[in-house]
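Enquirer: Please read through the structure below; I'll follow up with questions.
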Amino acid sequence: MAELAALLFDVDGTLADTERDGHRVAFNRAFAEANLDWDWSEDLYGKLLAVTGGKERIRYYLDNFNMEFQRPEGLDDFIAGLHAAKTRQYTEMLSQGIIPLRPGVKRLIEEARSAGLRLAVVTTTTPANVQALLEHALHPEAMSWFEVIAAGDIVPAKKPAPDIYVWAMEQMNLSPEQCIAFEDSHNGIRSSLGADLTTIISVNGYTRDENFDGAALVVDHWGEPGSPFTVLQGNAHDANCLDLALVKKLHG
Ligand code: XBP
Ligand code: MG
Numbered sequence: 286m287a288e289l290a291a292l293l294f295d296v297d298g299t300l301a302d303t304e305r306d307g308h309r310v311a312f313n314r315a316f317a318e319a320n321l322d323w324d325w326s327e328d329l330y331g332k333l334l335a336v337t338g339g340k341e342r343i344r345y346y347l348d349n350f351n352m353e354f355q356r357p358e359g360l361d362d363f364i365a366g367l368h369a370a371k372t373r374q375y376t377e378m379l380s381q382g383i384i385p386l387r388p389g390v391k392r393l394i395e396e397a398r399s400a401g402l403r404l405a406v407v408t409t410t411t412p413a414n415v416q417a418l419l420e421h422a423l424h425p426e427a428m429s430w431f432e433v434i435a436a437g438d439i440v441p442a443k444k445p446a447p448d449i450y451v452w453a454m455e456q457m458n459l460s461p462e463q464c465i466a467f468e469d470s471h472n473g474i475r476s477s478l479g480a481d482l483t484t485i486i487s488v489n490g491y492t493r494d495e496n497f498d499g500a501a502l503v504v505d506h507w508g509e510p511g512s513p514f515t516v517l518q519g520n521a522h523d524a525n526c527l528d529l530a531l532v533k534k535l536h537g
């Protein structure tokens, strides 16, 4: 195995628990603003997470859960308009600091930075959402810590397709053997494994029971020295939180 050169981070669910209390609420606010009576409950949203990408998720909802809705002419534009309103709502929520980073995220990113590792974000979400989260929850300058922000519609085929990881590694001129990926979901690991990346999973409420075959390690969260993680799958080499030493061991 080549030496570890870069850490590639998923965002939603991995760096922060954004889906239930962030994206879902922002979608509902955008629907209300447009005078739609759509209400995405926590349960329904769990089903809608089968599809990544906000615009794609709205279409999936109409196709499978709201078939009686009278579609306007120009459905693509209608969905794009709703999604733009949702992004505005979501970034406003993040600017109020309501979504914190998950345990250990700031610690590991700072440790990796100090060690000179290269960092990238590889996500399905809209670039403005990444910026809002990094600047408000990590550090005002955090966007500059990441060499590449691979996000949103940069590639047409979103996760679970591997394309966004492949694109990020191309930008960085790195091979999969030089990188490791951090994900939280089945769609995420399908994408990272599809790009031949060793992958560490931290589950959340929506993804806990998903299939993570092929993961190097599955934990409930990355943990802090005084607040250990629980190992759900794999070998944590006697560590009780995810630090760079463990990441390097898992990378092999
Ligand atoms: C998360 C997603 C995204 C967000 C919504 O992907 O599936 O669709 O829920 O974001 P990842 P947008 O875990 O890869 O970050 O509405 O901006 O598409
Ligand atoms: Mg995710």
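Each residue of the sequence shown is one higher than the one before, starting from 286 at the first, in this note's numbering.
Just so you know, even glycine gets a beta-carbon here, dropped at the ideal spot from N, CA and C.
Is it true that the segment 469-486 meets the segment 370-385, where meeting means three or more beta-carbon pairs spaced less than 8 Å apart?
Expert: no
Enquirer: So Asn472 and Thr337 are supposed to be a Cβ contact under 8 Å. How far apart are they, rounded?
Expert: 5 Å
Enquirer: Helix, strand or coil: which one does DSSP assign to Ala370?
Expert: DSSP places Ala370 in the helix class (H, G or I) of the three-state scheme.
Enquirer: DSSP state of Ile474, grouped into three classes?
Expert: helix
Enquirer: Would you call the CB atoms of Val503 and Phe497 closer than 8 Å?
Expert: yes
Enquirer: First and last residue of the beta strand (DSSP E) that includes Gly331?
Expert: Element bounds for Gly331: not the beta strand (DSSP E) but the alpha helix (DSSP H), Glu327 to Leu333.
Enquirer: Spatial neighbours of Ala315 within its chain, please: CB distance less than 6 Å, with the 5 preceding and 5 following residues excluded, ordered by chain position.
Expert: Leu367, Ala370, Lys371 and Gln374
Enquirer: Excluding the 5 residues preceding and the 5 following Glu304 in the sequence, name in chain order all residues of the same chain whose CB lies nearer than 8 Å to its CB.
Expert: The residues are Asp297, Gly298, Tyr330, Leu334, Asn489 and Tyr491.
Enquirer: Answer yes or no: do Leu529 and Ala291 have a C-beta to C-beta separation smaller than 8 Å?
Expert: Contact flag unset, no.
Enquirer: Looking at the unbroken alpha helix (DSSP H) that takes in Ala453, where does it start and where does it end?
Expert: Asp448 to Met457
Enquirer: Does DSSP classify Arg403 as helix, strand or coil?
Expert: strand
Enquirer: With DSSP as the reference, please indicate the residues paired to Asp297 in a beta bridge.
Expert: Ala301
Enquirer: Can you tell me whether His471 sits near the ligand XBP, meaning its C-beta is under 7 Å from at least one heavy atom of the ligand?
Expert: no
Enquirer: Please say whether Glu432 and Met457 have beta carbons closer to each other than 8 Å?
Expert: yes
Enquirer: Identify, in the order they occur along the chain, each residue of the same chain with its Cβ nearer than 8 Å to the Cβ of Tyr345, setting aside the five sequence neighbours on each side.
Expert: Leu333, Ala335 and Val336
Enquirer: Confirm the yes/no value for this check: CB of Arg342, any heavy atom of the ligand XBP, distance under 7 Å.
Expert: yes
Enquirer: Do three or more CB pairs link the segment 402-418 to the segment 436-447 at distances below 8 Å?
Expert: yes
Enquirer: What does DSSP give as the partner residues of Glu468 in its beta bridges?
Expert: The partner list for Glu468 (beta bridge, DSSP) reads Ile486.
Enquirer: Answer yes or no: do Leu293 and Ala405 have a C-beta to C-beta separation smaller than 8 Å?
Expert: yes
Enquirer: Run through DSSP, which three-state label would Gly537 get?
Expert: coil
Enquirer: For Gly479, does the three-state DSSP call read helix, strand or coil?
Expert: Residue state, collapsed to three classes: helix.
Enquirer: Given a cut-off of 8 Å on the beta-carbon distance, is the pair Thr408 and Asp295 in contact?
Expert: Their beta carbons are under 8 Å apart, which means Thr408 touches Asp295 by this criterion.
Enquirer: Using CA coordinates, which residue listed in Ser470, Trp323 and Ala365 is at the minimum distance from Pro445?
Expert: That would be Ser470, whose Cα lies nearest to the Cα of Pro445.
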